[in-house]
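Only one structure is covered here, and it is reproduced in the block below.
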Amino acid sequence: MTERRITGREEDDPSIERALTTALSTEPLGDETLERVRATVMNEWRAANPPSRFDRKGRWIAASAAAVVAALAVGFIVQRAGDAAVVGTVARLDDGGIDVRGRFWRHWTAHVGDALKTGETLTVHGPVLLSLIQGGTLRVAAGTVLNLTGGVEVSLAHGLVYLDVPPSIKSSTPLRILTRAGAIEHLGTQFEVLSNEGAVRIRVREGKVRLVGHAGTVVATAGTELLASVRGGISQRSVETYGRDWLWVAALAPDYDIEGRPLIDFLQWVSRELGRRVEYADAHAHDVAAHTIMHGSVRGREPLEALADVLATTSLTYEMRADTIRVHSVQ
Amino acid sequence: MYEADRVLVSRMRTGEQRAFDEFFNASASRLAAFVSRRSGLDPASVEDIVQNTLIKAVRNLASYRGEAALFTWVTEICRHELADAHRKAVRRPAHDSLDEPDAVAFPVPELWVPEHLEPAAEADAHHRQKAVIRALNDLPERYARALEAKYGDGLSVKEVAALFGLTTVAAQSLLARARDAFRDRWNVESDVVVGVRRDD
Numbered sequence: 000m001t002e003r004r005i006t007g008r009e010e011d012d013p014s015i016e017r018a019l020t021t022a023l024s025t026e027p028l029g030d031e032t033l034e035r036v037r038a039t040v041m042n043e044w045r046a047a048n049p050p051s052r053f054d055r056k057g058r059w060i061a062a063s064a065a066a067v068v069a070a071l072a073v074g075f076i077v078q079r080a081g082d083a084a085v086v087g088t089v090a091r092l093d094d095g096g097i098d099v100r101g102r103f104w105r106h107w108t109a110h111v112g113d114a115l116k117t118g119e120t121l122t123v124h125g126p127v128l129l130s131l132i133q134g135g136t137l138r139v140a141a142g143t144v145l146n147l148t149g150g151v152e153v154s155l156a157h158g159l160v161y162l163d164v165p166p167s168i169k170s171s172t173p174l175r176i177l178t179r180a181g182a183i184e185h186l187g188t189q190f191e192v193l194s195n196e197g198a199v200r201i202r203v204r205e206g207k208v209r210l211v212g213h214a215g216t217v218v219a220t221a222g223t224e225l226l227a228s229v230r231g232g233i234s235q236r237s238v239e240t241y242g243r244d245w246l247w248v249a250a251l252a253p254d255y256d257i258e259g260r261p262l263i264d265f266l267q268w269v270s271r272e273l274g275r276r277v278e279y280a281d282a283h284a285h286d287v288a289a290h291t292i293m294h295g296s297v298r299g300r301e302p303l304e305a306l307a308d309v310l311a312t313t314s315l316t317y318e319m320r321a322d323t324i325r326v327h328s329v330q
Numbered sequence: 000m001y002e003a004d005r006v007l008v009s010r011m012r013t014g015e016q017r018a019f020d021e022f023f024n025a026s027a028s029r030l031a032a033f034v035s036r037r038s039g040l041d042p043a044s045v046e047d048i049v050q051n052t053l054i055k056a057v058r059n060l061a062s063y064r065g066e067a068a069l070f071t072w073v074t075e076i077c078r079h080e081l082a083d084a085h086r087k088a089v090r091r092p093a094h095d096s097l098d099e100p101d102a103v104a105f106p107v108p109e110l111w112v113p114e115h116l117e118p119a120a121e122a123d124a125h126h127r128q129k130a131v132i133r134a135l136n137d138l139p140e141r142y143a144r145a146l147e148a149k150y151g152d153g154l155s156v157k158e159v160a161a162l163f164g165l166t167t168v169a170a171q172s173l174l175a176r177a178r179d180a181f182r183d184r185w186n187v188e189s190d191v192v193v194g195v196r197r198d199d
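Right, dumping it as structure tokens:
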């Protein structure tokens with residue numbers, strides 16, 4: 000057996016180094032892919048590890064804030080009450096909560112039914128459904144920080160939101176979402192926005208969205224994902240409007256009041272919530288949906304659960320096929 | 000031993016953005032390479048595995064005890080993800096086998112040689128690559144990991160030392176022994192490959 004002397008040189012055989020380097024080389028992930036993964040992982044990380052209010056930086060800020068509280072008290076006195084517009088109300092609050100930071104560092108915890116006003120910053124610790132004063136809903140994932148900068152404008156500091164403004168709601172000044180990569184304006188739609196340090200991802204599920212970015216304006220239609228870098232680059236690709244990526248949205252769906260309403264309207268609501276179109280397998284199925292008036296409640300049920308509950312009381316059944324909910328008569 | 004990694008994880012657990020960036024920048028690309036070298040997956044599937052692994056890692060930071068390098072801990076999660084992906088692929092065969100329903104073994108993910116359908120001119124390179132990968136798979140895991148870190152991920156000796164919790168001198172020694180072991184195996188594998196080609 001020969002004894003090997005360590006000389007301090009890293010390599011002693013260039014052919015071995017070449018062989019290993021060549022055989023172990025791989026195609027690196029592209030920048031877009033990395034940003035996409037970063038955005039998704041960061042969202043999960045934020046949800047699982049919310050920022051500590053008492054970390055070193057936080058303690059320093061708290062100490063500083065304490066030092067200026069006296070000065071700010073003057074601000075409270077002169078603050079005109081009621082000068083902030085209501086942007087929306089908290090419609091549902093799952094695990095976690097919402098910390099609200101108002102003007103002059105006023106800090107409180109929001110509950111279901113509370114109004115949220117311009118000038119307030121929301122730090123969301125659990126999934127939240129906001130009902131917007133202008134109509135529609137804003138679903139907010141855990142770990143999101145959102146500034147209500149105006150009556151029709153919110154600024155997404157980081158995190159994940161989903162705006163749903165049904166086509167039936169007409170507004171001359173639709174809600175805008177400001178991000179690091181630009182302003183997002185909707186044109187009667189459902190879309191999701193995820194923002195992190197490096198990029199903003201927009202997924203359009205219905206209608207159209209306009210991104211007014213640093214490098215220009217891009218309009219995206221349903222089934223499109225835009226990935227906008229804070230440096231100005233924008234890329235796009237096709238995405239499915241249904242499936243696991245949208246489960247968090249369905250879990251935050253507002254309650255649908257079925258009492259006295261036609262089944263066909265309910266099916267249309269389920270269709271929007273799941274991002275899958277409804278297809279009637281036969282004329283009878285369509286007739287039943289159109290002429291059945293529902294009674295009872297599916298409050299607290301997610302769209303898919305509600306669909307199963309409701310159809311179980313009719314002569315209809317359904318099956319999922321990729322982007323389609325196929326409704327047919329029970330044989 | 001892995002104090003820097005333990006501190007990084009603590010910072011991540013308090014929600015410090017800079018800590019997350021540090022973790023992601025150090026892990027994501029290397030993890031993608033790790034997956035590519037151990038599977039025949041297409042880029043989209045590699046992305047899925049990397050994403051799922053990192054999501055599980057950030058959700059379970061509390062379980063990291065600093066007993067191994069953070070990246071090593073992440074790769075252990077990744078091995079499970081690869082195994083799951085393989086298990087699902089086995090459950091959904093392109094063609095059902097009526098002959099050997101239980102014939103598909105469940106392998107521990109190891110370095111993988113892509114199957115090439117290449118022009119003959121590229122066959123030599125492929126055979127050489129195959130010999131290298133086989134030789135690596137035959138090495139003790141610690142040696143293979145050291146060589147992969149050094150030549151696959153391009154880590155410096157100092158970084159390899161940090162990964163294995165060694166001094167720089169000890170890492171140099173580890174790499175030297177790994178190269179020696181590799182050289183022996185590679186020579187054997189090269190002979191085997193040449194023999195196969197002669198038979199062709």
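Quick note, the sequences are listed as chains A and B, same order.
Sequential numbering of the first sequence, starting at 0, is according to numbering that gives the first Met the number 0.
Sequential numbering of the second sequence, starting at 0, is according to numbering that gives the first Met the number 0.
Note that the Cβ used here is the ideal one computed from N, Cα and C, for glycine as well.
A quick note: this is a predicted structure, and the numbers were derived from the prediction, not measured.
> What is the DSSP secondary structure of valine 192 of chain A, counted as helix, strand or coil?
Replying inline: Residue 192 of chain A sits at position 193 when you count from the first residue of the first sequence. Reduced to three states, the DSSP call for valine 192 of chain A is strand.
> What does tyrosine 317 of chain A pair with, by DSSP beta-bridge criteria?
Replying inline: Taking the first sequence and counting its residues from 1, one reaches residue 317 of chain A at position 318. Per DSSP, A:Val326.
> Of the residues A:Glu196, A:His213, A:Ala249, which one's Cα is nearest the Cα of valine 40 of chain A?
Replying inline: For the purposes of this step, residue 40 of chain A is taken as residue 41 along the first sequence, with counting starting at 1. Ranking the options by Cα distance to valine 40 of chain A, first place goes to A:Glu196.
>> Quick check on the burial criterion: 16 or more other C-beta atoms within 10 angstroms. Buried or exposed for glycine 87 of chain A?
In response: Walking along the first sequence from the start, residue 87 of chain A turns up at place 88. When all chains shown are included, glycine 87 of chain A counts as buried.
>> Once the 5 residues before and after threonine 220 of chain A are set aside, which same chain residues still bring their CB inside 7 Å of it?
In response: Residue 220 of chain A sits at position 221 when you count from the first residue of the first sequence. Sequence-distant partners of threonine 220 of chain A (beyond 5 residues in either direction) whose C-beta falls short of 7 Å from its own C-beta, in its chain, are Val203, Lys207.
> Once you ignore the five residues that flank serine 96 of chain B on each side, which residues in its own chain have a CB closer than 6 Å to its CB?
Replying inline: Numbered from its first residue, the second sequence carries residue 96 of chain B at position 97. With a pLDDT of only 33 at serine 96 of chain B, under the threshold of 50, the placement of this residue in the model should not be trusted; the figure read from the coordinates follows. Exclusion of the five residues before and after serine 96 of chain B leaves no residue of its chain whose Cβ lies closer than 6 Å to its Cβ.
>> I need the straight-line Cα distance from alanine 288 of chain A to glycine 242 of chain A, nearest angstrom please.
In response: As a working mapping, residue 288 of chain A is identified with position 289 in the first sequence. As a working mapping, residue 242 of chain A is identified with position 243 in the first sequence. The straight-line gap from Cα to Cα measures roughly 25 Å.
> Straight-line CA distance for arginine 331 of chain A to isoleucine 201 of chain A?
Replying inline: Nothing about residue 331 of chain A can be read from this structure; chain A reaches only from 0 to 330.
> Enumerated in chain order, which unbroken segments of the beta strand (DSSP E) with a length of 3 residues or greater are wholly contained in the region 103-145 of chain A?
Replying inline: Segments of the beta strand (DSSP E) lying fully in the region 103-145 of chain A: 106-109, 114-116, 120-123, 127-131, 136-139.
>> In chain order, what are the residue ranges of uninterrupted beta strand (DSSP E) at least 3 long that sit wholly in the region 214-292 of chain A?
In response: As summarised for the region 214-292 of chain A, the continuous beta strand (DSSP E) elements at least 3 residues long and confined to that stretch are 215-220, 223-228, 233-237, 276-279, given in chain order.
>> I'd like to know if alanine 219 of chain A contacts chain B, where contact means its C-beta is closer than 7 Å to some C-beta of that chain.
In response: Residue numbering aside, residue 219 of chain A sits at position 220 when the first sequence is read from its first letter. Not closer than 7 Å to any Cβ of chain B, the Cβ of alanine 219 of chain A fails to qualify, so no.
> Is the shortest distance between the beta-carbon of arginine 12 of chain B and the beta-carbons of chain A less than 7 Å?
Replying inline: Along the second sequence, read from residue 1 onward, the residue named residue 12 of chain B stands at position 13. At least one beta carbon of chain A lies nearer than 7 Å to the beta carbon of arginine 12 of chain B.
>> Can you give me the C-alpha to C-alpha distance between alanine 46 of chain A and leucine 33 of chain A, rounded to a whole angstrom?
In response: Position 47 of the first sequence, counting from 1, holds the residue named residue 46 of chain A. Position 34 of the first sequence, counting from 1, holds the residue named residue 33 of chain A. Across the structure, alanine 46 of chain A and leucine 33 of chain A are spaced so that their CA atoms are roughly 20 Å apart.
>> Run through chain A and tell me which residues come within less than 7 Å of aspartate 83 of chain B, C-beta to C-beta.
In response: Walking along the second sequence from the start, residue 83 of chain B turns up at place 84. The contact set of aspartate 83 of chain B on chain A, defined by CB atoms closer than 7 Å, is empty, because the minimum CB distance reaches about 15 Å.
> For arginine 37 of chain A, which residues in chain B fall below 8 Å Cβ to Cβ?
Replying inline: Position 38 of the first sequence holds residue 37 of chain A. Phe23, Ala27, listed in chain order.
>> In the DSSP output, which residue or residues are listed as bridge partners for aspartate 98 of chain A?
In response: Stepping through the first sequence from its first residue, residue 98 of chain A is reached at position 99. Beta bridge pairing from DSSP links aspartate 98 of chain A with A:Thr108, A:Thr122.
> Cα separation between alanine 67 of chain B and alanine 145 of chain B?
Replying inline: As a first step, residue 67 of chain B must be located in the second sequence, where it is residue number 68. As a first step, residue 145 of chain B must be located in the second sequence, where it is residue number 146. Approximately 14 Å, taken between the alpha carbons.
> Whose Cβ in chain A lies nearer than 9 Å to the Cβ of tyrosine 63 of chain B?
Replying inline: In the second sequence, counting from the first residue as 1, residue 63 of chain B sits at position 64. Proximity of chain A to tyrosine 63 of chain B at the Cβ level (cut-off 9 Å) is not reached, the minimal Cβ distance being about 12 Å.
> Which value, in whole angstroms, describes the spacing of the CA atoms of leucine 262 of chain A and phenylalanine 33 of chain B?
Replying inline: Mapped onto the first sequence, residue 262 of chain A falls at position 263. Mapped onto the second sequence, residue 33 of chain B falls at position 34. Going from the Cα of leucine 262 of chain A to the Cα of phenylalanine 33 of chain B covers about 52 Å.
> Are the C-beta of valine 73 of chain B and some C-beta of chain A separated by less than 7 Å?
Replying inline: On the second sequence, residue 73 of chain B is found 74 positions in, with the first residue counted as 1. No, valine 73 of chain B lies away from the interface with chain A (no Cβ there is under 7 Å from its Cβ).
> Is isoleucine 203 of chain B helix, strand or coil when you go by DSSP?
Replying inline: Residue 203 of chain B lies beyond the residue range present for chain B, which begins at 0 and ends at 199; the question has no answer from this structure.
> From this set, A:Val218, A:Thr312, A:Tyr279, which residue's C-alpha is nearest isoleucine 257 of chain A's C-alpha?
Replying inline: On the first sequence, residue 257 of chain A is found 258 positions in, with the first residue counted as 1. Ranking A:Val218, A:Thr312, A:Tyr279 by Cα distance to isoleucine 257 of chain A puts A:Thr312 first.
> Between alanine 160 of chain B and alanine 170 of chain B, which are expected to be in contact by the criterion C-beta below 8 Å, what is the C-beta distance as a whole number of angstroms?
Replying inline: Start at 1 with the first residue of the second sequence, and residue 160 of chain B comes out as number 161. Start at 1 with the first residue of the second sequence, and residue 170 of chain B comes out as number 171. At roughly 4 Å, the Cβ-Cβ gap stays under 8 Å, so alanine 160 of chain B and alanine 170 of chain B are in contact.
> For phenylalanine 70 of chain B, which residues in chain A fall below 9 Å Cβ to Cβ?
Replying inline: As a working note, residue 70 of chain B is residue 71 in the second sequence. Those within 9 Å of phenylalanine 70 of chain B in chain A number zero; the least Cβ separation is about 15 Å.
> What does valine 153 of chain A pair with, by DSSP beta-bridge criteria?
Replying inline: Reading the first sequence from its first residue, position 154 is the one you call residue 153 of chain A. Answer is A:Ile176.
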